[in-house]
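Step one of this worksheet: look at the structure below.
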Amino acid sequence: MNLIKIKEPKSSKNDTKICLGIDFGTTNSVCSVKVKDKFQFILDEKGETLIPTMILYNSKTKKFGNQIMKNESYFNSIFSVKRNFTKDFDLKVYEDENGSKISSMEVSKDFFIYLKNLCEKNLNQNIFDCVITVPAYFDEKARSGIMRAAFMAGLRVRRLINEPTAAAFAYGLEKKKEGIFFVYDLGGGTFDVSLLKLADGIFKVIATSGDPNLGGDDFDILYAKWLVKKYFKIDFDSLNKREKLKLVKKSKLLKEKLFESQAFNEKLKVNECVKEIGINIKDFNKVINNLIDRTIQISMKLLNEVDIEINKIEGFVLVGGSSRIKCISEKIKENFETTIFDDVNPDFVVSKGAALHGYELLNGSDNVLLDVTPLSLGIETMGGLMEKIISRNTPIPAIKEQTFTTHENGQTAIKFLILQGERETSVNNRKLGEFILSNIQPKPAGIPRITIMFSLDADGILFVTAKDEETGIQNKLSVKTNDDLDLNDMRKIVESSIENAKDDIHQRMVIEAKVKAKSFLNEIESVKKDIELLCSKNDIIDIEDNVNLLKKSLETNDCDMINQNIEKLNKVTESFAQKRIEKDFSDVIGKDVDKID
C-alpha cells in the first residue's frame, strides 16, 4: 500500500499524532506506538507485552488475555476467534457474560475495547487512530469484518496492512537493510509468505502467497490427536466438544513449553483418566513434519512463480510465534541454502511495523510502502469468460479502467458480474457481486462505450463503477463477498490456474471464436434483405453455404475450424460489403447534410 505524506501545513514537531499499531493475532495480540522518536510496546495489567487473544465471559464479568492464562477457567475461554473471519463472523455462536448469544464480530469488538483501554492507560490519553495488521490472504469480507469490529470498539482504522509486509517494513527501517527479502510468517492461524524489495526508502511487495488454514492451531490439534491415540488409545474425534477444546489448549501449552525445554514429563487428563506422559521435541517435530513441508512447498512455488533465483535473495525473515519451532529454520536452510535473519522478535515485529506505518501516515515520511493484491479481479464478458482488470500481485491502492461495449443491436442494459480468481472462465472463478447499468442509448452492437473502473484501496476493499460515456449515466458497487467463502480457496484458485492453464487457454480460444462467429452470423441475419437485393444468385448461394458451414462448426470445439470458417464467410461477403457501402453513399449524394439520418 502507498505511504502518502499527510501533514498539516502548520504542524510542528510538537504536534506528533498518535497511531496505534495493532497485531490482532489468532493466538496472541500485540499493541505498540511510536511517539516522536520513542517506540513503546503496550503492557497489560500483569506487565506483559504479549497478550493472548482470549476472552472469558463468566458470571457478569469479562476477563481477557493474561488474566485467564494461569486459571482453571482458561479451558472455558474463547480463543482463535480471528479464524472465524474467514467464515460467517456474524453468526451468534458464543455467549457473553449475561448469557446472551453473540457473534465472533462482537467477541472481537470486546477484545479491541480491552486493547484500546490498555493503550489509553499506558499513554495516559485518549486513543482513536490505529493501523491493524491482517493476513495477506484475507479477502474483502474478512478485512471489512476486522474493520467493523474495531470501529464498534471506538477505533478509527487508518489502514489495514498485511502482516508480512508490516514485519518487513519494521525490519527494513530498524536494521537499515536493502535488497530482496523473503518473509516467512507462520502465526497461530495462518501462514503467509511475501517477497519484498527494500531500496531507497521504497518497500515494495513483489508477490505474496500462503495458506489461511495453516498455523500453530493446526499443530496443536495434530499433537493433541497424537497424544490421546498414543497414550490413551482413544480416537480424538470420538471425544465431546468440551474435551476436545481442553486437549487442544493443553497441547498448545505443551508446545510452548517445548520452545524452552527439549523433554519433560507432564500429567495429561482425558475423560477423567490421568496419566503422566513423556513429552519431547523429537515426537512433536515428527507429528507436524507434513505441515512444515507444506510451508516449504508454498515458499518454493512463490519463488518459481516470480522467477527469482534464491541467490538473488538476501535471506529469510521469520515472523509469527510458530516460526520459533527450531525444525522450521533447519528445513529452510536445508531447502534454500540461504541466510535466516533471526535478529528480530517474531512476536513483536508485526505490531512494530504497523505502528511505524501509522506514525508515518499521520505525521509524514519519505518512505513509500507498496503492497499487492493476492488475486486477480475482473468482470464476466460474453461467452462466460473472465476479463481481468486488476491482475494478481498488482501494487495497491490501484485504479484500473477498461472500455467495453454492447453485444446485441439496440441493447439498453448491461449486467456486470464482478469476479475474483485466476481461471479463464467465470464459472471457475469466485463471484464477488453484480449490478446492472440501465438506460443505455439503443444503438447497433459495438457502438456504445461503457467504461468500467476498478478502484482497490489500500485496505484491499474494491469499488466498481460503470459509466456510459455518451450519456454520463453510471452505477456503482461496493463489493460484498459471499458468506460461505473459505480463504483456503484463495490458495486453491492460484494452484488450479497453474494446473489447468493449458485447458483454460484452449477453452478461452474456443469461446472467443464462438462469440465472434455468432456475432458475425447475427450481422449477416440483420442485412439479409440487402444481400437478396444487392447480390447475384450465385453470390447468395455462396454466402448461404458458408453461413451453414460456420453454424455447423459451432457445434464443435475446434477453434481453428471456426476461425477458418469465419474467414471464409468474411471473404465471400466482401463483394456484398462493398456494394452496400456504394449504395449507402449514393443514397446521400445531393441531400442536405441536416436531413441525413
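Numbering of the sequence shown is given in the numbering used here, commencing with residue 1080 and proceeding in unit increments. No residue lacks a Cβ here, since even glycine has one placed at the ideal position from N, Cα and C. Quick caveat, the model's predicted, so the values are computed rather than measured.
Starting from the N-terminal side, write out each stretch of the alpha helix (DSSP H) that is 4 residues or longer and does not extend beyond the region 1287-1359. 1295-1311 and 1320-1337
Output the boundary residues of the beta strand (DSSP E) element that contains Ile-1515. Here the question's residue 1515 lines up with position 436 in the sequence shown. 1509-1516 is the span of the beta strand (DSSP E), which, as asked, contains Ile-1515.
For Val-1506, which of helix, strand or coil comes out of DSSP? Counting from 1 along the sequence shown, the entry for residue 1506 is found at position 427. Three-state result, Val-1506: helix.
Cys-1110, DSSP secondary structure in three states: By 1-based counting over the sequence shown, the position of residue 1110 is 31. If DSSP states are grouped into helix, strand and coil, Cys-1110 belongs with the strands.
Residue range of the unbroken beta strand (DSSP E) whose run includes Tyr-1438: Taking the sequence shown and counting its residues from 1, one reaches residue 1438 at position 359. Taken as a continuous stretch (DSSP letters only), Tyr-1438 belongs to no beta strand (DSSP E), being part of the alpha helix (DSSP H) at 1428-1442.
With contact counted as at least three CB pairs below 8 Å, one residue from each stretch, are the region 1194-1208 and the region 1115-1122 in contact? yes
Comparing alpha-carbon positions, which option in Phe-1298, Leu-1265, Gly-1258 and Asp-1290 lies nearest Lys-1283? As a position in the sequence shown, residue 1283 is number 204, starting the count at 1. It is Gly-1258 whose Cα lies nearest to the Cα of Lys-1283.
Please classify His-1585 as buried or exposed, where buried requires at least 16 other C-beta atoms within 10 Å of its C-beta. Stepping through the sequence shown from its first residue, residue 1585 is reached at position 506. By the 10 Å Cβ count, His-1585 comes out exposed.
By how many angstroms is the C-alpha of Ala-1524 removed from the C-alpha of Val-1651? Start at 1 with the first residue of the sequence shown, and residue 1651 comes out as number 572. Start at 1 with the first residue of the sequence shown, and residue 1524 comes out as number 445. Whole-angstrom Cα-Cα distance: 22 Å.
Taking C-alpha atoms, which residue in Phe-1248, Asp-1362, Tyr-1263 and Lys-1329 lies nearest to Ala-1342? Locating residue 1342 in the sequence shown gives position 263, counting from the first residue. Answer by Cα proximity: Asp-1362.
Contact belief for Ala-1247 with Leu-1265 at Cβ below 8 Å, rounded distance in angstroms: For the purposes of this step, residue 1247 is taken as the residue at position 168 of the sequence shown. For the purposes of this step, residue 1265 is taken as the residue at position 186 of the sequence shown. No, Ala-1247 and Leu-1265 are not in contact; Cβ-Cβ is about 15 Å, not under 8 Å.
Taking the C-alpha atoms as reference points, what is the distance between Asn-1145 and Lys-1510? Mapped onto the sequence shown, residue 1145 falls at position 66. Mapped onto the sequence shown, residue 1510 falls at position 431. Whole-angstrom Cα-Cα distance: 41 Å.
Between which two residues does the alpha helix (DSSP H) holding Lys-1220 run? Taking the first residue of the sequence shown as 1, we reach residue 1220 at position 141. Looking at the DSSP string, the run of the alpha helix (DSSP H) that includes Lys-1220 is 1219-1231.
Tell me whether Leu-1566 is buried or exposed, calling it buried when 16 or more other Cβ atoms sit within 10 Å of its Cβ. Against the sequence shown, residue 1566 aligns to sequence position 487. Any reading at Leu-1566 needs caution, since the residue's pLDDT is 44, under 50, leaving its predicted position unreliable; the model's value is listed next. Per the 10 Å Cβ criterion, buried.
Do Asn-1644 and Ser-1654 have their C-beta atoms within less than 8 Å of each other? Here residue 1644 refers to the residue found at position 565 of the sequence shown. Here residue 1654 refers to the residue found at position 575 of the sequence shown. Not closer than 8 Å, so no.
Say whether chain D places a C-beta atom closer than 8 Å to the C-beta of Lys-1325. In the structure shown, chain D cannot be found, because there is only a single protein chain.
With distance defined between alpha-carbon atoms, name the residue in Pro-1476, Glu-1384 and Leu-1498 nearest to Thr-1460. Residue 1460 sits at position 381 when you count from the first residue of the sequence shown. Of the listed residues, the one whose Cα sits closest to Thr-1460 is Leu-1498.
Helix, strand or coil for Asn-1177? Go by DSSP, reduced to three states. Here residue 1177 is taken as the residue at index 98 of the sequence shown, counted from 1. Coil at Asn-1177, not helix or strand.
Cut-off 7 Å between Cβ atoms - residues of its own chain near Glu-1185, not counting five sequence neighbours on either side: For the purposes of this step, residue 1185 is taken as the residue at position 106 of the sequence shown. Hits under 7 Å: none found.
Look up Asp-1563 in the DSSP assignment and say whether it is helix, strand or coil. Locating residue 1563 in the sequence shown gives position 484, where the first residue counts as 1. Its pLDDT being 41, under 50, Asp-1563 is placed unreliably in this model, and the value from its coordinates should be taken loosely. Here Asp-1563 sits in coil by DSSP.
Local conformation of Arg-1471 per DSSP, three classes: Within the sequence shown, the letter at position 392 stands for residue 1471. Note: Arg-1471 maps to coil in three-state DSSP.
So Ala-1433 and Ile-1225 are supposed to be a Cβ contact under 8 Å. How far apart are they, rounded? Taking the first residue of the sequence shown as 1, we reach residue 1433 at position 354. Taking the first residue of the sequence shown as 1, we reach residue 1225 at position 146. Not confirmed; about 13 Å, so no contact.
Once DSSP output is grouped into helix, strand and coil, what is the label at Ala-1524? Indexing the sequence shown from 1 puts residue 1524 at position 445. It is coil, neither helix nor strand.
Among Leu-1535, Gln-1520, Phe-1298 and Leu-1516, the one whose alpha carbon lies nearest that of Gln-1553: Against the sequence shown, residue 1553 aligns to sequence position 474. Looking at the Cα atoms, Leu-1516 is the closest of the given residues.
Assigned secondary structure, Phe-1158 (DSSP; H/G/I helix, E/B strand, else coil): On the sequence shown, position 79 is the one that residue 1158 refers to. In the structure shown, Phe-1158 sits in a strand (DSSP, three-state: E or B).
Distance, Cα to Cα, Phe-1680 vs Tyr-1250? No answer is possible for residue 1680: it lies beyond the span of the chain, which begins at 1080 and ends at 1676.
Taking all protein chains shown into account, do 16 or more other C-beta atoms lie within 10 angstroms of the C-beta of Asp-1296, making it buried, or fewer, making it exposed? On the sequence shown, residue 1296 is found 217 positions in, with the first residue counted as 1. By the neighbour-count rule (16 or more Cβ atoms within 10 Å), Asp-1296 is buried.
Can you give me the start and stop residues for the alpha helix (DSSP H) that Ile-1619 sits inside? Along the sequence shown, read from residue 1 onward, the residue named residue 1619 stands at position 540. It spans 1616-1632 - the alpha helix (DSSP H) in which Ile-1619 sits, taken as one unbroken run.
Using alpha carbons as the reference points, say which of Ile-1375, Pro-1214, Ile-1211 and Lys-1195 lies closest to Asn-1205. Working through the sequence shown from its first residue, we reach residue 1205 at position 126. The candidate whose alpha carbon is nearest that of Asn-1205 is Lys-1195.
For Thr-1491, which residues from the same chain have a beta carbon less than 8 Å from its beta carbon, with the 5 sequence-adjacent residues on both sides left out? For the purposes of this step, residue 1491 is identified with residue 412 of the sequence shown, where counting begins at 1. These residues qualify, in order along the chain: Ser-1517, Asn-1518, Ile-1519, Gln-1520 and Pro-1521.
Return the residue from the list Val-1385, Ile-1458 and Thr-1374 that minimises the CA-CA distance to Ile-1411. The residue you call residue 1411 lines up with position 332 of the sequence shown. Ranking Val-1385, Ile-1458 and Thr-1374 by Cα distance to Ile-1411 puts Thr-1374 first.
Any idea which residues DSSP pairs Met-1532 with across the strands? Along the sequence shown, one-based indexing puts residue 1532 at 453. Answer by DSSP bridge pairing, in chain order: Glu-1480 and Thr-1544.
Assuming Ala-1199 is part of the alpha helix (DSSP H), what are its boundary residues? Here residue 1199 corresponds to residue number 120 of the sequence shown, with the count starting at 1. Checking the sequence shown, residue 1199 turns out to be Glu, not Ala. Element bounds for Glu-1199: 1183-1202.
Which word fits Arg-1222, buried or exposed, when buried means at least 16 other C-beta atoms lie within 10 angstroms of its C-beta? Counted from its first residue, the sequence shown places residue 1222 at position 143. Result: buried.
Lys-1336 versus Ser-1317, Glu-1351, Asn-1350 and Gly-1357, residue with shortest Cα-Cα distance: Residue numbering aside, residue 1336 sits at position 257 when the sequence shown is read from its first letter. Taking only the C-alpha atoms, the option nearest Lys-1336 is Gly-1357.
To which residues of the same chain is Thr-1482 closer than 6 Å at the C-beta, ignoring the five residues directly before and after it? On the sequence shown, position 403 is the one that residue 1482 refers to. Within the same chain, Thr-1482 has close Cβ partners Arg-1528 and Thr-1530.
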